[in-house]
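Undergrad:
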Amino acid sequence: MSTAVLIRRPTAAADLATAEGSHWTHRSACRTAEADRDFYGTSAAAQARARATCLSCPVRLECLTERSAVDVEENWWGMVGGLDAEQRRVLEVAELIGERPDLKRAQELLTPRWRYRLYNLRAAGHAPQRIADILTAEGIAVDAITVRVAVWWTGGPGRAISRRASRDRRPLWQRLRDDYADVICLLRARGARHVDVAAYLGVRVTTLTRATQELEAAA
Ligand code: SF4
Numbered sequence: 007m008s009t010a011v012l013i014r015r016p017t018a019a020a021d022l023a024t025a026e027g028s029h030w031t032h033r034s035a036c037r038t039a040e041a042d043r044d045f046y047g048t049s050a051a052a053q054a055r056a057r058a059t060c061l062s063c064p065v066r067l068e069c070l071t072e073r074s075a076v077d078v079e080e081n082w083w084g085m086v087g088g089l090d091a092e093q094r095r096v097l098e099v100a101e102l103i104g105e106r107p108d109l110k111r112a113q114e115l116l117t118p119r120w121r122y123r124l125y126n127l128r129a130a131g132h133a134p135q136r137i138a139d140i141l142t143a144e145g146i147a148v149d150a151i152t153v154r155v156a157v158w159w160t161g162g163p164g165r166a167i168s169r170r171a172s173r174d175r176r177p178l179w180q181r182l183r184d185d186y187a188d189v190i191c192l193l194r195a196r197g198a199r200h201v202d203v204a205a206y207l208g209v210r211v212t213t214l215t216r217a218t219q220e221l222e223a224a225a
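Taking the numbering used here, the leading residue of the sequence shown gets 7, the next gets one more, and so forth.
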């Protein structure tokens, strides 16, 4: 049995896993026929139900950790470890620049001690990097990509760039050009496609295109 098969379908994978039943997939919360409709459904409601199932799953970290073994082309649209396809894609892109979430720490952010604080910081419109800086100063060392995972798990957008609560009146493409030139150039230099960079930053491809055109013109 290949690892790709194992991860591609956690519920079915459990039936293929070790005969002793010791594999983590045997404890997955999505091992029900009812879950199939949600995990492979494309509606927002189905995805929200699937994410809620993942949030209560005792093996969420194991599931998400092994996501790197997924055959991305085959598993692109299903929910895995509480993250949808787009969010897992962002993690793949983030790895190109050495960003890897601390999943245990992300889980800690959802405990009663930190969850409300995280909610408030999100409600204030702070970007993940700013939230990470604040939380680190308050006693829980996290980085931006870990904050993004915690926010995604709770159903939030977790974009790299905050769209709200900013007094910055510049158009988004200008903010990209002025504030994110380094990360855009680094991701491109590491082989990320244009569409991947846009996904990582949480912006439209057309917005990124405008910013990169401006960067190239200024070079
Ligand atoms: S985290 Fe979600 S996808 Fe993974 S095993 Fe648990 S319920 Fe299934």
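No residue lacks a Cβ here, since even glycine has one placed at the ideal position from N, Cα and C.
Name the DSSP bridge partner or partners of residue 86?
TA: Bridge partners of residue 86: 89.
Undergrad: In angstroms with no decimal places, state the Cα-to-Cα distance between residue 211 and residue 30.
TA: The straight-line gap from Cα to Cα measures roughly 38 Å.
Undergrad: Measuring CA to CA, which of 185, 186, 203 and 184 is closest to residue 193?
TA: Looking at the Cα atoms, 203 is the closest of the given residues.
Undergrad: At a cut-off of 8 Å, is residue 91 close to ligand 1 when judged by its beta-carbon and the heavy atoms of the ligand?
TA: False, no ligand heavy atom lies under 8 Å from that Cβ.
Undergrad: Could you check the C-alpha separation between residue 106 and residue 43 for me, to the nearest Å?
TA: So the two alpha carbons sit approximately 30 Å from each other.
Undergrad: Sorry if obvious, but does the Cβ on residue 116 come closer than 8 Å to a heavy atom of ligand 1?
TA: Because no heavy atom of ligand 1 lies under 8 Å away, the Cβ of residue 116 does not count as near it: no.
Undergrad: For a minimum of 4 consecutive residues, which ranges assigned as the alpha helix (DSSP H) are wholly contained in the region 115-150?
TA: As far as the region 115-150 is concerned, its whole alpha helix (DSSP H) runs of at least 4 residues are 118-129 and 134-143.
Undergrad: Residues in its own chain within less than 7 Å of residue 156 by CB, not counting five upstream and five downstream?
TA: Same-chain partners within the cutoff: 112, 115, 116 and 124.
Undergrad: Beta-carbon separation of residue 57 and residue 88 under 9 Å?
TA: Against a cut-off of 9 Å, the Cβ pair of residue 88 and residue 57 comes out as a contact.
Undergrad: Taking residue 110 as the reference, which of 126, 101, 64 and 201 has the closest Cα?
TA: Looking at the Cα atoms, 64 is the closest of the given residues.
Undergrad: Indicate, with yes or no, if ligand 1 has a heavy atom lying under 8 Å from the CB of residue 155.
TA: Result no, Cβ not under 8 Å from ligand 1.
Undergrad: Any chance you could list the alpha helix (DSSP H) runs of at least 4 consecutive residues sitting entirely within the region 44-78, in chain order?
TA: The qualifying runs are 50-61 and 66-71.
Undergrad: Quick check: what's the CA-CA separation for residue 45 versus residue 93?
TA: Spanning the two alpha carbons is a distance of roughly 15 Å.
Undergrad: Pick helix, strand or coil for residue 209, following the three-state DSSP scheme.
TA: Here residue 209 sits in coil by DSSP.
Undergrad: Would you mind stating whether residue 222 and residue 179 have Cβ atoms separated by less than 9 Å?
TA: Cβ atoms of residue 222 and residue 179: not closer than 9 Å.
Undergrad: Any heavy atom of ligand 1 within a distance shorter than 8 Å of the CB on residue 31?
TA: Yes.
Undergrad: Measuring only the C-alpha atoms, how far is residue 225 from residue 209?
TA: The straight-line gap from Cα to Cα measures roughly 23 Å.
Undergrad: Where do the N-terminal and C-terminal ends of the alpha helix (DSSP H) with residue 185 fall, by residue?
TA: Counting along the chain, the alpha helix (DSSP H) containing residue 185 begins and ends at 178-185.
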